[in-house]
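S.K.: Each number in my numbering corresponds to the 1-based position in the sequence shown with 1 added. Each residue gets a CB set at the ideal place from its N, CA and C atoms; glycine is no exception. Being a predicted model, the structure only gives us computed values, none of them experimental. The structure's right below; bear with me while I get my questions together.
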Amino acid sequence: MAEGGEGEELLRPPLPSAGSTGPKRLCSRVAALPRSGGGPGGPVGTAVAEDGGGGGVGARGCCPPGGPGPAAGCGPEGTHLPLLQPESLLDAAAKRVAGSWAFERVEGRFQRIPEPVQRRIVYWSFPRSERQICMYSSFQPGRGGGSGGGAGGGASGAAVGTGTGLGAGGEDSPVVPGAAAPSGAPGTAPLPAAGAPTGAAVTEGLPFRRGIRLLETGAVDNVLQVGFHLSGTVTEPATATEPEMTYKVAISFDRCKITSVTCGCGNKDIFYCAHVVALSLYRIRKPDQVKLRLPISETLFQMNRDQLQKFVQYLITAHHTEVLPTAQKLADEILSSNSEINQVHGAPDPTAGASIDDENCWHLDEEQVREQVKLFLSQGGYYGSGKQLNSMFAKVREMLRMRDSNGARMLTLITEQFMADSRLALWRQQGTGMTDKCRQLWDELGALWVCVVLNPHCTLEEKACWLRQLRKWGDMDVCPLEDGNYGNELPNITTALTQSSSHRQDSLVRPRRTVFTRAIEGCELHWQDSHLQRIISSDFYISTSFQREGEGLLFNSQGQPLWLEHVPTACARVDALRSHGYPKEALRLTVAIINTLRLQQQRQLEIYKHQKKELLQRGATTITNLESWVGHPLNPIGCLFLTLTEACRVEDENCLEISDAGDSKPPVYQHVPVANSYPEGGESYLSLALEVALMGMGQQRVMPEGLYAQDKVWRNEEQIIVRLQELELDAVLVQTLRKQCILLLEGGPFSGLGEVIHRESVPMHTFAKYLFSALLPHDADLAYKLALRSMRLPVLETTPSGDVTHPHHIVSVVPSRYPRWFTLGHLESQQCELASTMLTAAKGDMLRLRTVLEAIQKNIHSSSLIFKLAQDAFKIATPADNSSDTTLLNVALELGLQVMRMTLSTLNWRRREMVRWLVTCATEVGVRALVSILQSWYTLFTPTEATSIVAATVMSHNTILRLSLDYPQREELASCARTLALQCAMKDPQNCALSALTLCEKDHIAFETAYQIVIDAASTGMTYSQLFTIARYMEHRGYPLRAFKLASLAMTHLNLAYNQDTHPAINDVLWACALSHSLGKNELAAIIPLVVKSVHCATVLSDILRRCTMTAPGLAGIPGRRNSGKLMSTDKAPLRQLLDATISAYINTTHSRLTHISPRHYGEFIEFLSKARETFLLAQDGHIQFAQFIDNLKQIYKGKKKLMLLVRERFG
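Now the structure itself:
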């Protein structure tokens, strides 16, 4: 394509450039032809206008206020007359002039303008489209449009749908003769009444809705049109909190555009208030009830001197407090011959419309746009600000589609505030990335600018101005980069599709690419290519033979035109056509792009067929697509899909109804034949939409750099799939689906579903899940083949490159960048979802289940995901209201076993849950599964898990009942459990001994073996707490002597310091001593030395001593042993040793406590000495020992006078 230049013959001519309304033009005396029957002294309403203007978008017609006869096309009360009655030539001409020419131009062209002509021009200069009023008074756009740009989807809306007869730009829509009516022009459905259901209460608060309600309740009054100025009053009814209020409203207009609004309500917002809406709709719907006067300058011209003086004096009298100072100032200047006011010919008239030099555009409050955007940005994505900004983007798209010059103007204002966001500098300074929500807003901003600069009807001056502004923003340090904080690997927007490796190297050294770079590059594009113009201008641009232009084909073998351009760039053109109100042209270019993609796909298949053998042997491939179409900043696939589906969408009867997006119904589509296709081909725009979506989604592409870029890929992928799921697959679409799936499977390195893919190719799991579900009812074999191939995730594979048996398990020669796969967790979860979908579908089919199972075991490397799959399979296999599916149960069990093996030697916080689930699953499968996991426990479980969870659960009463086992089966399970228990006890006696003893209770030999294992391990690896626990178990089972032995072994491992009076082992020590005491004097005598050696805490020793003196030993009554029944004396062994140790412990503890005692602990210390005295008194000379002990304390610690005073008071 040629670069540079501008203009396009086959599109509509450029519009005047946009801008704000300039100062009112000056009006002087102009002679006019009087209306028939009138004269210079006639009524004011017959005066000739000095100036006027017009312009316009829209096709809503307005009834003449009372022209001669029925020629105007209106009957009584605004009823429609027969459609065949033609519109008068005067009205047709006046309407055209009013929408296209400033009235000053009309005056300059014709010296004498008849008054009826002036009146009709002024009449038709008011906007006729309620759509425009709606657009400037509500955020919600009409249905039928969508954002084509932005990989993240961006703003959700665009402009209203097409095909409703609404004009755009400077063109009026075709008007059916004689169909004008007060409610609108022909071919235009009026907007819904206020009572119409909107689907959401929030829409009732929109200014447009409120304006309709005010209009329908008769709140508009005193409506007067003077020239190009409309005024009236609107009364707000009283509410519970507010009284009734009446507001004065004034509207200026020119060339069918409202150029300024004023309302007494003081509204501060981007959009018109409800009162302006009500007055505007009143003028559109009830033009015959509006008093129409020509501009005030013409009325003044018809007055004589006395009339003028009377007019001025009455005006001053009526408003003397407001206008008297101004009136006097003007009078002084007029009377001064040298004043500036006398140097100018004529005088300003606010009702005379704009001059030729004034820019003609709709009123937009720029300051409010800035303030609103600044407010939303300051909220940082909270309070719904992101949604509000997206709505503003949608409003820009809506304006572009209506060819309203304010679209680019509003986008400029928004961008200025985005660039002024203080967070940009902060993020850059801190080196942190912006939030995802903010990043998506920037993406949509950049995509919108691409759309704006590709405007087919913009002027060279406008494009140059945009280019300067975009470069200025792009050169700022804080300007965000296109792909986040990472590299610049995406090719230039104007680069051709086929690129060599040298381009790849060049792309790495290009300057940084900002979010505006693509728009800057887009300024180099033009629409003057003759082939392009013919494509978009006609549905029947075909050729009977191949035609080439340089190296590129112009037509395919069927004679259909091709458009050989970088795909995202070509799609950006389509988006620009859609967004600027050229839906048919966008559709034609879309078809040409798809035909080009088909041809490229066909040639890629031919290339692969010649290279297939070599690639499969080598087992390696390279990515030929340097940038992904999915996740691309310009969203090329989404753009083509939307363009095609919009052409097939069945609109509701009331397609203009404003409703909340959340309440919108799913779209309904119908097949619309492609214009230049052969009838026998059965090709429709809907089938093309499906085909191009599958092409784009199936493209093999390398994973992009950076978290945001990767996140954008799968987000865009899911958005496209959501739209695909809205299509109801009929026979035509199923045929398209099957054909494209087969091509993708055979596509080699060009397809993400080909036999050989690059190691870092973006996985196809999400896409394949959609394809599988869509294909399954129609072609199950193809569905499974496609889904099974898509299960691979090569980046996680470690198979050497020489393995030819699995060509997709390839390690690329490029060094691994695996750590940069930031979204790997999401990708693995999608892989798991695909596998789960296949498992569910394959229920009951053993062969398919086995195939799916092998694919899972080979490709999924996350234990948690495999466990999830196992759980899913188990849930599906065991429905609550039906019998179990054995084949799927076995798959679940096999997956569970794999999880056990994968997590056996690694830490996993869900491991305990996994083990319990596996036992449950094995129980459902049957007794053989349980026997199998018991016998091979060492490959699946730790000893602790095997004994405490697995074997215990298997041997539980509930399991036996659940399986309805007979005696031999129960014995087999029990034998396996006992064998497992002994093996585990040998391997890990510390943690498994007790469980082993419990499991072996019913088998004497096994129980003795387990006990011996405990005894052997007691002296080496077991702790006192483990031994005490087993000892208590032995006592509970009726083995007190064995319990005593284990307790004695436990005591040898214990050491209680003097200050450990809350040690957890104290209860075990007391229990052990009580057990020994109950067994007899010998056992007590054996354990007391162990207690004295291990326990140094005085209170614990005194507690043991007290318990031993309260009852006689030997209460256990062991057979064959005689019990004396006498209490034991503390003066004799073995209690004498315990008493001496207790007294010694009290003495040592006392000195230890006194070393660092504080006054607040004095009372506690005195109580401690009281307990010590009780122990001292158990000895024969205990009172003497205690007295000596107290005296020693007084002597040693005499410096602690207060404490010693308390000691004397208590103990003397």
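Counting pairs of Cβ atoms below 8 Å between the region 390-402 and the region 577-585, do you hit three or more?
M.R.: yes
S.K.: To the nearest angstrom, report how far apart residue 515 and residue 483 are at their CA atoms.
M.R.: As a working note, residue 515 is residue 514 in the sequence shown. As a working note, residue 483 is residue 482 in the sequence shown. Taking the straight line from one Cα to the other gives about 5 Å.
S.K.: Between which two residues does the beta strand (DSSP E) carrying residue 248 extend?
M.R.: For the purposes of this step, residue 248 is identified with residue 247 of the sequence shown, where counting begins at 1. Judged by DSSP secondary structure, residue 248 falls within the beta strand (DSSP E) whose first and last residues are 246-255.
S.K.: Have a look at residue 298 and residue 393 and give me their C-alpha separation to the nearest angstrom.
M.R.: The residue you call residue 298 lines up with position 297 of the sequence shown. The residue you call residue 393 lines up with position 392 of the sequence shown. Within the model, the alpha-carbon separation for residue 298 versus residue 393 is close to 40 Å.
S.K.: For residue 541, which residues of its own chain have a beta-carbon under 8 Å away from its beta-carbon, when the five flanking residues on both sides are left out?
M.R.: Here residue 541 is taken as the residue at index 540 of the sequence shown, counted from 1. Within the same chain, residue 541 has close Cβ partners 676 and 677.
S.K.: For residue 717 and residue 749, what's the separation of their Cα atoms in angstroms?
M.R.: Residue numbering aside, residue 717 sits at position 716 when the sequence shown is read from its first letter. Residue numbering aside, residue 749 sits at position 748 when the sequence shown is read from its first letter. Approximately 24 Å, taken between the alpha carbons.
S.K.: Just to confirm before moving on: does the CB-CB distance between residue 723 and residue 761 stay below 8 Å?
M.R.: As a working mapping, residue 723 is identified with position 722 in the sequence shown. As a working mapping, residue 761 is identified with position 760 in the sequence shown. Result no, Cβ atoms of residue 723 and residue 761 do not sit closer than 8 Å.
S.K.: Cβ atoms of residue 1106 and residue 1053: under 8 Å apart, would you say?
M.R.: Position 1052 of the sequence shown, counted from the start, is the residue given in the question as residue 1053. Position 1105 of the sequence shown, counted from the start, is the residue given in the question as residue 1106. In this structure, the beta-carbon distance from residue 1053 to residue 1106 does not fall below 8 Å.
S.K.: Considering only residues of the same chain and omitting the five flanking positions on each side of residue 211, which have a CB-CB separation below 7 Å?
M.R.: If you number the sequence shown from 1, residue 211 lands on position 210. Around residue 211: 275.
S.K.: Output the distance between the C-alpha atoms of residue 1205 and residue 1023, rounded to the nearest integer angstrom.
M.R.: Taking the sequence shown and counting its residues from 1, one reaches residue 1205 at position 1204. Taking the sequence shown and counting its residues from 1, one reaches residue 1023 at position 1022. Roughly 47 Å separates the two Cα atoms.
S.K.: Determine the direct distance from the alpha carbon of residue 1047 to that of residue 932, and round the result to whole angstroms.
M.R.: Here residue 932 is taken as the residue at index 931 of the sequence shown, counted from 1. Here residue 1047 is taken as the residue at index 1046 of the sequence shown, counted from 1. C-alpha separation (whole angstroms): 33 Å.
S.K.: By Cβ distance, which residues of its chain are closer than 7 Å to residue 1202, with the 5 residues on each side in sequence left out?
M.R.: As a position in the sequence shown, residue 1202 is number 1201, starting the count at 1. Within the same chain, residue 1202 has no close Cβ partners at all.
S.K.: In the DSSP assignment, find the alpha helix (DSSP H) that holds residue 723 and state where it starts and stops.
M.R.: Locating residue 723 in the sequence shown gives position 722, counting from the first residue. Taken as a continuous stretch (DSSP letters only), the alpha helix (DSSP H) holding residue 723 covers 708-726.
S.K.: Could you name each continuous alpha helix (DSSP H) segment of 4 residues or more that falls completely within the region 264-292, going from the start of the chain to the end?
M.R.: 275-286
S.K.: For residue 1175, which residues in the same chain have their Cβ closer than 8 Å to its Cβ, ignoring the five residues on either side in sequence?
M.R.: The residue given as residue 1175 occupies position 1174 in the sequence shown. So the list reads 1103, once near-sequence residues are dropped.
S.K.: With a 10 Å radius around its C-beta and 16 neighbouring C-beta atoms as the bar for buried, classify residue 967 as buried or exposed.
M.R.: Indexing the sequence shown from 1 puts residue 967 at position 966. Label assigned to residue 967: exposed.
S.K.: For the beta strand (DSSP E) that contains residue 526, what are its first and last residues?
M.R.: As a position in the sequence shown, residue 526 is number 525, starting the count at 1. Here residue 526 belongs to no beta strand (DSSP E), and DSSP marks it neither H nor E.
S.K.: Going along the chain, which residues of its own chain have a beta-carbon closer than 6 Å to the beta-carbon of residue 630, five neighbours each way excluded?
M.R.: Position 629 of the sequence shown, counting from 1, holds the residue named residue 630. Excluding sequence neighbours, residue 630 sits near 637, 638, 697 and 700.
S.K.: Let's see if you can read the secondary structure: which residues bound the beta strand (DSSP E) around residue 91?
M.R.: Within the sequence shown, the letter at position 90 stands for residue 91. From DSSP, residue 91 is part of no beta strand (DSSP E) but of the alpha helix (DSSP H) over 90-101.
S.K.: Specify, as a first and last residue, the run of the beta strand (DSSP E) that residue 234 falls within.
M.R.: Along the sequence shown, one-based indexing puts residue 234 at 233. Element bounds for residue 234: 230-237.
S.K.: Pop quiz: residue 412 and residue 453 are said to be a contact at Cβ under 8 Å. What is the actual Cβ separation, rounded to whole angstroms?
M.R.: For the purposes of this step, residue 412 is identified with residue 411 of the sequence shown, where counting begins at 1. For the purposes of this step, residue 453 is identified with residue 452 of the sequence shown, where counting begins at 1. Between residue 412 and residue 453 the beta-carbon gap is near 6 Å, inside 8 Å, which marks them as a contact.
S.K.: Which of the three DSSP states, helix, strand or coil, is assigned to residue 1?
M.R.: The chain is shown only over 2 to 1213; residue 1 falls outside these bounds and no answer can be derived.
S.K.: For residue 1036 and residue 1044, I'd like the C-alpha separation in whole angstroms.
M.R.: Position 1035 of the sequence shown, counting from 1, holds the residue named residue 1036. Position 1043 of the sequence shown, counting from 1, holds the residue named residue 1044. Those two C-alpha atoms are separated by around 5 Å.
S.K.: Between which two residues does the alpha helix (DSSP H) holding residue 986 run?
M.R.: As a working mapping, residue 986 is identified with position 985 in the sequence shown. Segment 968-988, the alpha helix (DSSP H) holding residue 986.
S.K.: Going by DSSP in three states, residue 1161 sits in which element: helix, strand or coil?
M.R.: Start at 1 with the first residue of the sequence shown, and residue 1161 comes out as number 1160. DSSP places residue 1161 within a helical segment (H, G or I) once states are collapsed to three.
S.K.: Taking the alpha carbon of residue 787 as the point to measure from, which residue in 312, 464 and 747 has its own alpha carbon closest?
M.R.: Within the sequence shown, the letter at position 786 stands for residue 787. When C-alpha distances from residue 787 are compared across 312, 464 and 747, the shortest belongs to 747.
S.K.: Candidates 1131, 94 and 767: which alpha carbon is nearest residue 726's?
M.R.: For the purposes of this step, residue 726 is taken as the residue at position 725 of the sequence shown. Nearest of 1131, 94 and 767 to residue 726, Cα basis: 767.
S.K.: My understanding is that residue 259 touches residue 363, with C-beta atoms under 8 Å, so please give their C-beta distance in whole angstroms.
M.R.: Against the sequence shown, residue 259 aligns to sequence position 258. Against the sequence shown, residue 363 aligns to sequence position 362. Between residue 363 and residue 259 the Cβ distance is about 6 Å, and since that is below 8 Å, they are a contact.
S.K.: Taking only three categories from DSSP, how would you classify residue 111?
M.R.: Position 110 of the sequence shown holds residue 111. Correct three-state label for residue 111: coil.
S.K.: Do you know whose CA, among 1038, 420, 925 and 785, lies nearest residue 963's CA?
M.R.: Stepping through the sequence shown from its first residue, residue 963 is reached at position 962. Minimum Cα distance to residue 963 is reached at 925.
S.K.: According to the Cβ coordinates, are residue 293 and residue 226 closer than 8 Å?
M.R.: In the sequence shown, residue 293 corresponds to position 292, counting from 1. In the sequence shown, residue 226 corresponds to position 225, counting from 1. Yes, the pair counts as a contact, with Cβ atoms nearer than the cut-off.
S.K.: Helix, strand or coil: how does DSSP classify residue 751 here?
M.R.: As a working mapping, residue 751 is identified with position 750 in the sequence shown. DSSP places residue 751 in helix when its eight states are reduced to three.
S.K.: So who's on the other strand from residue 762, going by DSSP bridges?
M.R.: Against the sequence shown, residue 762 aligns to sequence position 761. Partner(s): 703.
S.K.: With H, G and I counted as helix, E and B as strand and the rest as coil, what does DSSP make of residue 357?
M.R.: Indexing the sequence shown from 1 puts residue 357 at position 356. Coil at residue 357, not helix or strand.
S.K.: What span of residues does the alpha helix (DSSP H) with residue 574 cover, start to end?
M.R.: Within the sequence shown, the letter at position 573 stands for residue 574. Segment 568-580, the alpha helix (DSSP H) holding residue 574.
S.K.: Going along the chain, which unbroken runs of the alpha helix (DSSP H) with 4 or more residues stay wholly within the region 420-473?
M.R.: 423-431 and 437-454
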